[in-house]
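Protein chains: 2
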Amino acid sequence: MTCHQMTRVERAQLAMMLEVCAYPKPGNVDRCHDYPDTRLEHFLASTIMARPALEEASRGSGRIGEIIGHAVRDTNCHEGGNTHFGAFILLIPLVYGDGIDGALEAIAKTDTSDAIAFYKAFAMTAVRMNETDELDVNDPHTLTLIRERDMTLLDIMQHSAAHDMIAREWVTGFPQTRRGADLLKELGLGRNSITDTFLTLLAAEPDTFIIKKHGNAIARETMERARDVLDGNLSATSFDADLIQRGINPGSVADITIAAIYLALGEGWSWDS
Amino acid sequence: MTCHQMTRVERAQLAMMLEVCAYPKPGNVDRCHDYPDTRLEHFLASTIMARPALEEASRGSGRIGEIIGHAVRDTNCHEGGNTHFGAFILLIPLVYGDGIDGALEAIAKTDTSDAIAFYKAFAMTAVRMNETDELDVNDPHTLTLIRERDMTLLDIMQHSAAHDMIAREWVTGFPQTRRGADLLKELGLGRNSITDTFLTLLAAEPDTFIIKKHGNAIARETMERARDVLDGNLSATSFDADLIQRGINPGSVADITIAAIYLALGEGWSWDS
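Going down the list, the protein sequences come from chains A and B.
The numbers in this note's numbering rise by one with no breaks, and the one at position 25 of the first sequence is 971.
The numbers in this note's numbering rise by one with no breaks, and the one at position 264 of the second sequence is 1210.
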């Protein structure tokens, strides 16, 4: 079958779709599990509604912070709450710059207007920040602080990197995203590689989304149990059932997995075999 | 949450996504069931890849037959075979004309070039026609016949209406699509109305896709058992398991369900509650 080359936008949308469908993906919404307020269809609706912002990013012009804001705004049109905020923080620069190198160039050019647009987008989501954070998204004083200090969006990420693995990707050159893409290619063609990539990333460092919701100890325990699954000492389905029952969802590792699938799809890996 | 009004394209994509996720949808690929060669992700990938053709249709210009061809071409970029051919035959005119009235106007204007573009699209799919059909898609003579007789795409649908319920929608003014949309609204908000709408349409007339694959008797039996489910005399999940095990998939009723969701989404019905 002769086919057109997939566009960056299509790759990003496929990555979002493939990640949420992959099963079993312990603790997260997947093909077989919903959370009461956020369901499979919410993630898939966001995948569809994110297109204009992804198109905007793929033109490689305009401001990254604002484009992330557009993605959040356009995908907030359902009752499922935030689905892809972290994924957009990774995908928008990767699409914009057509890969990690270009993303880092674009990130280096962010300014205070990006930081402000980003904070405004953040305020639209229910994502929680570190509670003691002086750049609290719910504090109207934060925007004044950003302006006074002339902080760029990269500065904001630097500020958040210690306690947020998505921000850390920006600051350190997308190492986990790169690793995820390499894992997908090593594990081989086909959708089953996605769940193993997810588990491997989850076993590598504590998920900062879990830390924010449940604290360090539970994030570490989750990490160790992901390792047990990879070592064959625990079944993925019981790990999944336990996390879901306790409301422990490794949301940041899921976001990195999406970015990894996006990269891998551009490097010859295919889900479709 | 303030939201932009959904575009026709987004509604069509949401309809395709919601239909394939709905569960249990006896006999078809759904959230919890794949067929060996056609999986949930294939349907969702088509939902993403169909966008340019749906955009083309939403501009309300250009040729319907050609646009259906573009939808088939762009969604053939995966290994899952035909996923949405019947759905496109319904959705493209509905999107083009912004509803049933406009679709019928557009359909009335189809000409021989539409018929030829449609047959070329058809030849790209693995969909089977009636075996004794003189307008066989695999016969190169067919295109000559269409030209000699100066047949429009509506003529082709007229020719196929007796044994194809999708073609019948074109010829009779989309009555099952209309009925499906009304059912969704009667059954109420939320994704659960989709499966009941599907079952009600399945219980109304034999699915012509089943007739082509398995014959009249099995299509009638499937229809009667859908009625049993609606009457509470058979569980949807055992009906589903039995159909899947026998490879009986009511594909045409699924296509009509997609078109019905598309209409209902434009008339105030929401999946999201």
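C-beta: ideal position from N, C-alpha, C; glycine also.
Distance between Trp-1116(B) and Gln-1191(A) (C-alpha atoms, nearest Å): To locate residue 1191(A), count along the first sequence from 1; it is residue 245. To locate residue 1116(B), count along the second sequence from 1; it is residue 170. About 48 Å.
Any 3 or more C-beta pairs closer than 8 Å across the segment 1125 to 1135 of chain B and the segment 1166 to 1181 of chain B: no
Endpoints, the alpha helix (DSSP H) within which Ile-1194(A) is located: In the first sequence, the residue the question calls residue 1194(A) occupies position 248. Run containing Ile-1194(A): none; DSSP gives neither H nor E here.
is_contact[Arg-954(A), chain B] using C-beta, thresh 8 Å: One-based indexing of the first sequence puts residue 954(A) at position 8. Arg-954(A) does not count as touching chain B.
Against chain A: residues of the segment 979 to 997 of chain B by CB proximity under 9 Å: Arg-985, Leu-986, Glu-987, His-988, Leu-990, Ala-991, Thr-993, Ile-994, Met-995 and Arg-997
Length of the line joining the Cα atoms of Gln-951(A) and Asn-1162(A): Your numbering for residue 951(A) matches position 5 in the first sequence. Your numbering for residue 1162(A) matches position 216 in the first sequence. Answer to the nearest angstrom: the Cα atoms are 43 Å apart.
Asp-976(B) in three-state terms, based on DSSP: Locating residue 976(B) in the second sequence gives position 30, where the first residue counts as 1. Asp-976(B) falls in the strand class under three-state DSSP.
Neighbouring residues, chain B, relative to Trp-1217(A) (Cβ below 7 Å): Taking the first sequence and counting its residues from 1, one reaches residue 1217(A) at position 271. Chain B residues near Trp-1217(A): Glu-987.
Where Gln-959(A) meets chain B, residues with beta-carbon distance less than 7 Å: Along the first sequence, one-based indexing puts residue 959(A) at 13. Chain B residues near Gln-959(A): Ile-994.
Neighbouring residues, chain B, relative to Arg-1137(A) (Cβ below 7 Å): As a first step, residue 1137(A) is located in the first sequence; it is residue number 191 there, counting from the start. In chain order: Glu-987.
Opening and closing residue of the alpha helix (DSSP H) in which Glu-1132(B) lies: Taking the first residue of the second sequence as position 1, residue 1132(B) is located at position 186. Residues 1121 to 1133.
Under 9 Å from the C-beta of Leu-964(B): neighbouring residues of chain A: What you label residue 964(B) is simply residue 18 of the second sequence in a count that begins at 1. Per Cβ cutoff of 9 Å: Glu-987, Leu-990 and Ala-991.
Cross-chain neighbours of His-1105(A) in chain B, by beta carbon under 8 Å: Working through the first sequence from its first residue, we reach residue 1105(A) at position 159. Residues of chain B passing the Cβ test: none, with the nearest at roughly 28 Å.
Euclidean distance between Cα positions of Ala-1061(A) and Gly-1015(A): Here the question's residue 1061(A) lines up with position 115 in the first sequence. Here the question's residue 1015(A) lines up with position 69 in the first sequence. Near 10 Å, if we compare the C-alpha coordinates of Gly-1015(A) and Ala-1061(A).
Which of helix, strand or coil DSSP assigns to Gln-951(A): Within the first sequence, numbered from 1, the residue matching residue 951(A) stands at position 5. In this structure, Gln-951(A) counts as coil in the three-state DSSP scheme.
With 16 other Cβ atoms within 10 Å as the buried cut-off, status of Ala-1054(B): Residue mapping note: residue 1054(B) aligns to position 108 of the second sequence, counting from 1. With fewer than 16 Cβ atoms within 10 Å of its Cβ, Ala-1054(B) is classed as exposed.
For Met-1103(B) and Ile-1157(B), the rounded distance between their alpha carbons: By one-based count along the second sequence, residue 1157(B) stands at place 211. By one-based count along the second sequence, residue 1103(B) stands at place 157. Distance between the alpha carbons of Ile-1157(B) and Met-1103(B) is about 17 Å.
Interface flag, Glu-1025(A) vs chain B, CB-CB below 8 Å: Working through the first sequence from its first residue, we reach residue 1025(A) at position 79. Closer than 8 Å to some Cβ of chain B, the Cβ of Glu-1025(A) qualifies, so yes.
CB contact flag (Ala-1205(B), Leu-986(B), <8 Å): Taking the first residue of the second sequence as 1, we reach residue 1205(B) at position 259. Taking the first residue of the second sequence as 1, we reach residue 986(B) at position 40. No.
Any C-beta of chain A under 8 Å from that of Asp-1101(B): Here residue 1101(B) refers to the residue found at position 155 when the second sequence is read from its first residue. By this cut-off, Asp-1101(B) is not an interface position.
Neighbouring residues, chain B, relative to Arg-977(A) (Cβ below 8 Å): If you number the first sequence from 1, residue 977(A) lands on position 31. Those are Arg-977, Cys-978 and Leu-986, listed as they occur along chain B.
Proximity to Ile-1112(B) [Cα-Cα], best of Trp-1217(B), Asp-1201(B) and His-988(B): As a working note, residue 1112(B) is residue 166 in the second sequence. Measuring from the Cα of Ile-1112(B), the nearest candidate turns out to be Asp-1201(B).
Any C-beta of chain C under 8 Å from that of Asp-1020(B): Within the model displayed, chain C is absent; protein chains A and B are what it includes.
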